[in-house]
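For the sequence shown, my numbering gives the first residue as 21, with consecutive numbering after it.
For glycine and all other residues, C-beta sits at the position ideal for the given N, C-alpha and C.
Here the structure is a predicted model, which is why all the values come from computation and not from measurement.
I have placed the structure first, in the form of structure tokens, so that the comments after it can refer back to it.
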Amino acid sequence: MSNQLVELIKNSGVVGAGGGGFPTHVKAGAQVEYILANGAECEPLIHKDVELMTHQAEAILTGLRLMMVATGATRGIVGIKKKNSAAVEAFRNVIDGTDVELLEMGDFYPAGDEYELVQLGAGRLIPPGGIPLDVGCVVCNVETLFNISAAANGDPVTHKLITVAGLVREPKTFWVPVGTRYGELLDFAGGVTVKNYALLTNGPLMGGMSQSLDDTVTKTFSGLIVLPEDHYIVSRKNRSSQQMNRIGKSACDQCTACTEFCPRYLLGYEIQPHKVMRSLGFTASGEEYWNRFSTYCCSCGLCTLYACPEDLYPREACDQAKVSMKKAEQTYRQELPPKIHPMKEYRRVPTKSLLQRLRLEKFEGATPFTTGFPNPSQLEIPLQQHVGSPSVPVVTIGAMVKAGDIIADLPDGSLGAKIHSPLCGKINSINNDSIVISVD
Ligand code: SF4
Ligand code: SF4
Numbered sequence: 021m022s023n024q025l026v027e028l029i030k031n032s033g034v035v036g037a038g039g040g041g042f043p044t045h046v047k048a049g050a051q052v053e054y055i056l057a058n059g060a061e062c063e064p065l066i067h068k069d070v071e072l073m074t075h076q077a078e079a080i081l082t083g084l085r086l087m088m089v090a091t092g093a094t095r096g097i098v099g100i101k102k103k104n105s106a107a108v109e110a111f112r113n114v115i116d117g118t119d120v121e122l123l124e125m126g127d128f129y130p131a132g133d134e135y136e137l138v139q140l141g142a143g144r145l146i147p148p149g150g151i152p153l154d155v156g157c158v159v160c161n162v163e164t165l166f167n168i169s170a171a172a173n174g175d176p177v178t179h180k181l182i183t184v185a186g187l188v189r190e191p192k193t194f195w196v197p198v199g200t201r202y203g204e205l206l207d208f209a210g211g212v213t214v215k216n217y218a219l220l221t222n223g224p225l226m227g228g229m230s231q232s233l234d235d236t237v238t239k240t241f242s243g244l245i246v247l248p249e250d251h252y253i254v255s256r257k258n259r260s261s262q263q264m265n266r267i268g269k270s271a272c273d274q275c276t277a278c279t280e281f282c283p284r285y286l287l288g289y290e291i292q293p294h295k296v297m298r299s300l301g302f303t304a305s306g307e308e309y310w311n312r313f314s315t316y317c318c319s320c321g322l323c324t325l326y327a328c329p330e331d332l333y334p335r336e337a338c339d340q341a342k343v344s345m346k347k348a349e350q351t352y353r354q355e356l357p358p359k360i361h362p363m364k365e366y367r368r369v370p371t372k373s374l375l376q377r378l379r380l381e382k383f384e385g386a387t388p389f390t391t392g393f394p395n396p397s398q399l400e401i402p403l404q405q406h407v408g409s410p411s412v413p414v415v416t417i418g419a420m421v422k423a424g425d426i427i428a429d430l431p432d433g434s435l436g437a438k439i440h441s442p443l444c445g446k447i448n449s450i451n452n453d454s455i456v457i458s459v460d
């Protein structure tokens, strides 16, 4: 079963749908004790996992149990926030009598960080810089598990479940063909309700900003949030890195709040963003010393968008420090095993506080699952939608493709994923970055 499922997943192009994009067939080929379904979904305003868990608990459970058989896991755990009662209920109904347990989690950020989930679900701490596999665990997002169950029936990944939230007439959650333009997502959600707006992609904390309605949906995309263009988060995210560095250099008073609230620091890893901030004011050699304290940052964004009282950018300083370290081929390894901070439970950040701090309370609301999806006339499908090497086109310009046909394959011997055509159509153009299909 193990090899068979690995092949089915590989042929279906399944990758981490929670944002990670790691090719799932590699995880299915491992031998572990635990499979953890990640349904924590903690980015405010994005609710696509909750909707999927509410409406497709059975299929997610099938994916989870297939992964358990393939990997020899004896424990299957579904991590889900207690507050999402409809999803909890849906799972209670289907896991009854199975070997799968529910892990009902509190409403805090970032409950879905895999280090956090492994600690809560399996009671194990991943070694510094390691992955769940190092402690006998595999973590899969719930949509990935849904896709695994489809792959077992030979159905490839062609559509993505997404949420459109914020200032649109009909905030909602729906499936959309990979390669669809953002503009069509907004239209499908009834259109934007204000003239001047900004688009957040994949959530306010870890996501980014889109400058173009022509950007397209990938296998790791989770949604769009429409906010007024003068919203607090938009102005925070719109600063250039030079501006972030300049204000960081002059205004950081080393209060340490960013470190005190850092979830990875609280789990016992040697990550100290306040020290990384010191790198902004140092010469090249000094910077090298302070950069090391960024090594175990997971870019959750809590330090920048919640903890820092001065509205500075410790997360971005950590991102920058990691890039500098890579360039300089500098590495850092924590010698001592991680030890949970005694204040960890008391410093958890409730989503409610986060919404207040981010001025997002009035945008939070239902985004119900809706059947049907946009009917794009064209799809632009990126060749790099996953961890590893870009996929290699296997079609030529002018070729006709059917929904589900392979249009790009894994490069030989490399980590990657196959890409399938979401709809029937004609290959319009191919370049190094993407394949464009004119839909029939
Ligand atoms: S919280 Fe802000 S001001 Fe305080 S040390 Fe961190 S970056 Fe500096
Ligand atoms: S983004 Fe900030 S809070 Fe999150 S892990 Fe990195 S340093 Fe810690």
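### Task
Using 10 angstroms around the beta-carbon of Q262, count the other beta-carbons present and answer buried if the total reaches 16, otherwise exposed.
Result: exposed.
### Task
Determine the extent of the alpha helix (DSSP H) in which E384 is found, giving its start and end residues.
No alpha helix (DSSP H) holds E384; DSSP gives it neither H nor E.
### Query
Who are the Cβ neighbours of V369 in its own chain at under 7 Å, not counting the five residues just before and after it?
Excluding positions up to five away in sequence, the list reads F128, Y129, F281, L322, Y326.
### Message
For A171 and Y135, what's the separation of their Cα atoms in angstroms?
### Response
27 Å
### Query
Are the segment 228–235 and the segment 195–203 touching, with three or more C-beta to C-beta distances below 8 Å?
Cβ pair count under 8 Å is three or more, so yes.
### Task
Within its chain, find whatever has a CB closer than 7 Å to the CB of I168; leave out the 5 residues flanking it on each side and keep chain order.
I29, V34, T44, G83, L86, M87
### Message
Assuming V237 is part of the beta strand (DSSP E), what are its boundary residues?
### Response
No beta strand (DSSP E) contains V237, which DSSP labels as neither H nor E.
### Message
Only counting the same chain, and skipping five residues up and downstream in sequence, which positions put a Cβ closer than 6 Å to that of L153?
### Response
A50
### Message
Considering just the uninterrupted stretch of the beta strand (DSSP E) at I66, what are its terminal residues?
### Response
Taken as a continuous stretch (DSSP letters only), I66 belongs to no beta strand (DSSP E), as it is neither H nor E.
### Task
For the alpha helix (DSSP H) containing E330, list its first residue and its last residue.
Segment: none, E330 is in no alpha helix (DSSP H) and carries neither H nor E.
### Query
Using a threshold of 7 Å, is the CB atom of C320 nearer than that to any non-hydrogen atom of ligand 3?
This structure does not include ligand 3; its bound ligands are ligand 1 and ligand 2.
### Query
If we ignore side chains and look at the alpha-carbon of each, how far apart do L430 and S441 end up?
15 Å
### Message
What would DSSP say about D429, mapped onto helix, strand or coil?
### Response
It is a strand residue.
### Query
Since T164 contacts T387 with CB under 8 Å, what's their CB separation in whole angstroms?
The pair is not a contact, with the Cβ atoms about 20 Å apart (cut-off 8 Å).
### Query
Under 8 Å between the Cβ atoms of H294 and C320?
no
### Task
Leaving out five residues on either side along the sequence, give the residues of the same chain with a beta carbon under 8 Å from the beta carbon of I450.
P413, V415, T416, I417, V456
### Query
Any idea what DSSP makes of Y285, helix, strand or coil?
helix
### Query
For Q274, is the beta carbon positioned less than 7 Å from some heavy atom of ligand 1?
yes
#### Entry: Contact the segment 91–100 vs the segment 382–398: 3+ CB pairs below 8 Å
no
#### Entry: P394 versus D133, Q405, L443, D69, residue with shortest Cα-Cα distance
L443
### Message
If we require 4 or more residues per run, which alpha helix (DSSP H) segments fall completely within the segment 67–131?
### Response
68–75, 77–91, 105–115
### Query
Comparing the CB of L18 with every heavy atom of ligand 1, is any distance shorter than 7 Å?
The chain is shown from 21 up to 460; residue 18 falls before or after that span and cannot be answered.
### Query
By how many angstroms is the C-alpha of I253 removed from the C-alpha of L219?
11 Å
#### Entry: Any non-hydrogen atom of ligand 2 within 7 Å of R377 CB
False, no ligand heavy atom lies under 7 Å from that Cβ.
#### Entry: Beta-bridge pairing of K342 - partner residues as DSSP gives them
According to DSSP, which records beta bridges pairwise, K342 is partnered with nothing at all.
### Query
What are the partner residues of H440, as DSSP defines its beta bridges?
Residue pairing from DSSP places H440 in a beta bridge opposite I426.
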